[in-house]
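Numbering (our numbering), first residue to last: 1 to 387.
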Amino acid sequence: MTAAPLFPPLTYHRIRLQWCGAALWRLLRQWLVVLVIGLMLLGAFSVGATSSMAALVAWSVLGLFHAASQGLGQGLLAAGLHALVGAGVVLALRPVLWPVSWAQAEQALPLTQRERLASDAIVVALALLPLFVIYVAGAATWLMPPPAWLQEAKGTALLMLALSMALSHAAGMGVLYQLRHPVHRPPRHPHAASSVRVVHMLSRRQHPAWALVVWPLLRGPAQRSGRWLLGLTLVLLGLALMIARAHWQLAGVDGALWGLFLWSLLSMAGSSRLHALIQRELAPLHAACASLPLSPQHLRWARRGLGLLPLVLGLCVLPLALWLSAWPIRHTVEGLYLLASLLGHAWQFDADTPAEVTTPQVQSQNQTVRWVLTLVVLLALASEVFE
Numbered sequence: 001m002t003a004a005p006l007f008p009p010l011t012y013h014r015i016r017l018q019w020c021g022a023a024l025w026r027l028l029r030q031w032l033v034v035l036v037i038g039l040m041l042l043g044a045f046s047v048g049a050t051s052s053m054a055a056l057v058a059w060s061v062l063g064l065f066h067a068a069s070q071g072l073g074q075g076l077l078a079a080g081l082h083a084l085v086g087a088g089v090v091l092a093l094r095p096v097l098w099p100v101s102w103a104q105a106e107q108a109l110p111l112t113q114r115e116r117l118a119s120d121a122i123v124v125a126l127a128l129l130p131l132f133v134i135y136v137a138g139a140a141t142w143l144m145p146p147p148a149w150l151q152e153a154k155g156t157a158l159l160m161l162a163l164s165m166a167l168s169h170a171a172g173m174g175v176l177y178q179l180r181h182p183v184h185r186p187p188r189h190p191h192a193a194s195s196v197r198v199v200h201m202l203s204r205r206q207h208p209a210w211a212l213v214v215w216p217l218l219r220g221p222a223q224r225s226g227r228w229l230l231g232l233t234l235v236l237l238g239l240a241l242m243i244a245r246a247h248w249q250l251a252g253v254d255g256a257l258w259g260l261f262l263w264s265l266l267s268m269a270g271s272s273r274l275h276a277l278i279q280r281e282l283a284p285l286h287a288a289c290a291s292l293p294l295s296p297q298h299l300r301w302a303r304r305g306l307g308l309l310p311l312v313l314g315l316c317v318l319p320l321a322l323w324l325s326a327w328p329i330r331h332t333v334e335g336l337y338l339l340a341s342l343l344g345h346a347w348q349f350d351a352d353t354p355a356e357v358t359t360p361q362v363q364s365q366n367q368t369v370r371w372v373l374t375l376v377v378l379l380a381l382a383s384e385v386f387e
């Protein structure tokens, strides 16, 4: 008679589910203080935190339900667009759901394609569970009792919501499948010698630092940073346009104020991500050029300038957007907000400390404290911009 093992064997799916769940929980705890501060700001700058949260939850499915009430065609189109939110969540969480270390360990296991897909389905469902809970709560808000425009389309609205959730899950699995099976493109060769001549001509005429700062964003190893820089600039300019054209209210708060809150949050998050990409892609290149007659301090300032470029362009347009909005503004508070935004973002980039001075954990904590403090100051000033 053999004794039962003290620790029963775990399946691959259960091990990966526990690992991803623990990683997601650590990520949630890191951002918990930001969520708490956001709830406090909702309660301080609106009719109340509870009512504002309920309005945001209901707003998460408002566009989908409204399109479903207009007909099946518009409902299907809205469901496809609504599913992009879930796909974006999985794409943002891909370092947690599919890290490089886990990919290397999985290659050594005798797993079939069906087992890998089943494992992906489990972890994607786990990552999308909070978003789906918000969707269900928003649907319950609209259906108990339903408004007049939704009375005849309740079934269609629920069907479109289920379709959106299914498409979000499928898109998330597609993201993980693409990460597991990357497409290897052959290297592109120049189609004509004219472009090469233009590059060499500009390289000879420009300062040597031009080839270490700008060209890597266009043709070198920092093209991802270049795309992020362009995308963040367009997003901030688009938000400025939304502030200028916002003539609506949500949860008792003016639309322009919601737009300014969103501008503050996305500028902080986007600039932090852009700075991290620039440090990852350009800093090694600049470190390898230590023998060149270039000042390392100047290259460091150039990297920080690239990280601040979308914010500076957005701050140049934001005063015009505030002036064009339909709401009266306090010009003194507006100036303080613009100054605090620029100085706060520069303060984030100044948090880079040599590794021998602080440990990575302490450095990460310092950056988190600076990020949260700057965001709180910006949101507090933004709430006082409009009269």
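Yeah, the Cβ is synthetic: ideal placement off N, Cα and C, and Gly gets one too. Predicted, not measured: the structure shown is a model, and the values here were computed from it.
Checklist line | Ranges of the beta strand (DSSP E) found wholly within the segment 61-92, counting only runs of at least 3 | finding: none
Notebook entry, point to check: What are the partner residues of Phe386, as DSSP defines its beta bridges?
Noted result: Partner residues in the beta bridge of Phe386, as assigned by DSSP, are Ile329.
Next item on the list: Could you check what DSSP says for Ser203 in three-state terms: helix, strand or coil?
Entry: Annotation note: pLDDT 48 at Ser203 (below 50); position unreliable, coordinate value reported separately. Helix.
Check: Rounded to a whole number of angstroms, what is the C-alpha to C-alpha distance between Ala288 and Val235?
Finding: Spanning the two alpha carbons is a distance of roughly 33 angstroms.
Notebook entry, point to check: On the three-state DSSP scale, how would you describe His191?
Noted result: Confidence at His191 is low in this model, with a pLDDT of 45, below 50, so its placement is unreliable and the value that follows should be read with caution. Residue state for His191 is assigned as coil, using DSSP reduced to three classes.
Next item on the list: With distances taken Cα to Cα, identify the nearest neighbour of Leu62 among Trp149, Leu232, Gln348, Pro296.
Entry: Among Trp149, Leu232, Gln348, Pro296, the Cα nearest to that of Leu62 is on Trp149.
Notebook entry, point to check: For Ala256 versus Ile243, is the C-beta spacing smaller than 9 angstroms?
Noted result: yes
Next item on the list: Check whether the segment 317-326 touches the segment 289-309, counting contact only when three or more Cβ pairs, one atom from each stretch, lie closer than 8 angstroms.
Entry: No: fewer than three Cβ pairs fall under 8 angstroms.
Note to self: Less than 9 angstroms between the beta carbons of Leu143 and Lys154, yes or no?
What the structure shows: yes
Notebook entry, point to check: Beta-carbon separation of Ser271 and Leu232 under 9 angstroms?
Noted result: yes
Notebook entry, point to check: Of the residues Leu306, Leu81, Val96, which one's Cα is nearest the Cα of Arg26?
Noted result: Val96
Item checked: Reduced DSSP secondary structure (H/G/I, E/B, other) of His316 -> For the sequence presented, residue 316 should be read as Cys rather than His. Three-state DSSP puts Cys316 in a helix.
Next item on the list: Would you identify the three-state DSSP class for Glu334, choosing helix, strand or coil?
Entry: helix
Notebook entry, point to check: What residue from Gly344, Val372, Gly335, Leu229 has the CA that sits closest to Leu313's CA?
Noted result: Leu229
Check: Roughly how many angstroms separate the alpha carbons of Ala302 and Leu343, rounded to a whole number?
Finding: 17 angstroms
Next item on the list: Kindly indicate the opening and closing residues of the alpha helix (DSSP H) around Val136.
Entry: 113-143
Checklist line | Ordered list of alpha helix (DSSP H) runs contained in the segment 281-309, each at least 4 residues | finding: Runs of the alpha helix (DSSP H) spanning 4 or more residues and lying entirely within the segment 281-309 occur at 283-287, in chain order.
Check: DSSP three-state call for Gln151: helix, strand or coil?
Finding: helix
Notebook entry, point to check: Ala83 CB to nearest chain B CB: under 9 angstroms?
Noted result: Absence of chain B from the displayed structure is noted, only one protein chain being present.
Check: Can you give the beta carbon distance from Ala67 to Leu77, rounded, assuming they're within the 8 angstroms contact cut?
Finding: 7 angstroms
Item checked: Among Trp263, Gln348, Trp323, Leu285, nearest to Gly305 - alpha-carbon criterion -> Gln348
Check: Is Thr11 helix, strand or coil when you go by DSSP?
Finding: coil
Check: Between Thr11 and Ser119, what straight-line distance do the alpha-carbon atoms span, to the nearest angstrom?
Finding: When the Cα atoms are used, Thr11 and Ser119 turn out to be separated by approximately 10 angstroms.
Next item on the list: Provide the residue span of the alpha helix (DSSP H) that contains Val96, from first to last.
Entry: For Val96, the uninterrupted alpha helix (DSSP H) segment begins and ends at 94-97.
Item checked: Neighbourhood of Cys20 by C-beta, 8 angstroms cutoff - its chain only, sequence neighbours within 5 removed -> Answer for Cys20: Val96, Leu97, Val123, Leu126, Ala127, listed in chain order.
Margin query: Could you check whether Val90 and Ala157 sit closer than 9 angstroms to each other, using their CB atoms as the reference points?
Written below: Ala157 places its beta carbon 9 angstroms or farther from that of Val90.
Notebook entry, point to check: For Val85, which residues from the same chain have a beta carbon less than 8 angstroms from its beta carbon, with the 5 sequence-adjacent residues on both sides left out?
Noted result: Leu131, Ser168
Margin query: Can you tell me whether Val235 is helix, strand or coil according to DSSP?
Written below: helix
Next item on the list: May I ask you to check if the CB of His82 is nearer than 8 angstroms to at least one heavy atom of the ligand MN?
Entry: The model depicted lacks the ligand MN and carries no ligand whatsoever.
Next item on the list: Taking 9 angstroms as the cut-off, decide whether the C-beta atoms of Pro216 and Ser267 are in contact.
Entry: no
Checklist line | Alpha carbon of Gln18 to alpha carbon of Ala240, nearest angstrom | finding: 42 angstroms
Note to self: Quick check on Ala244: does DSSP put it in helix, strand or coil?
What the structure shows: helix
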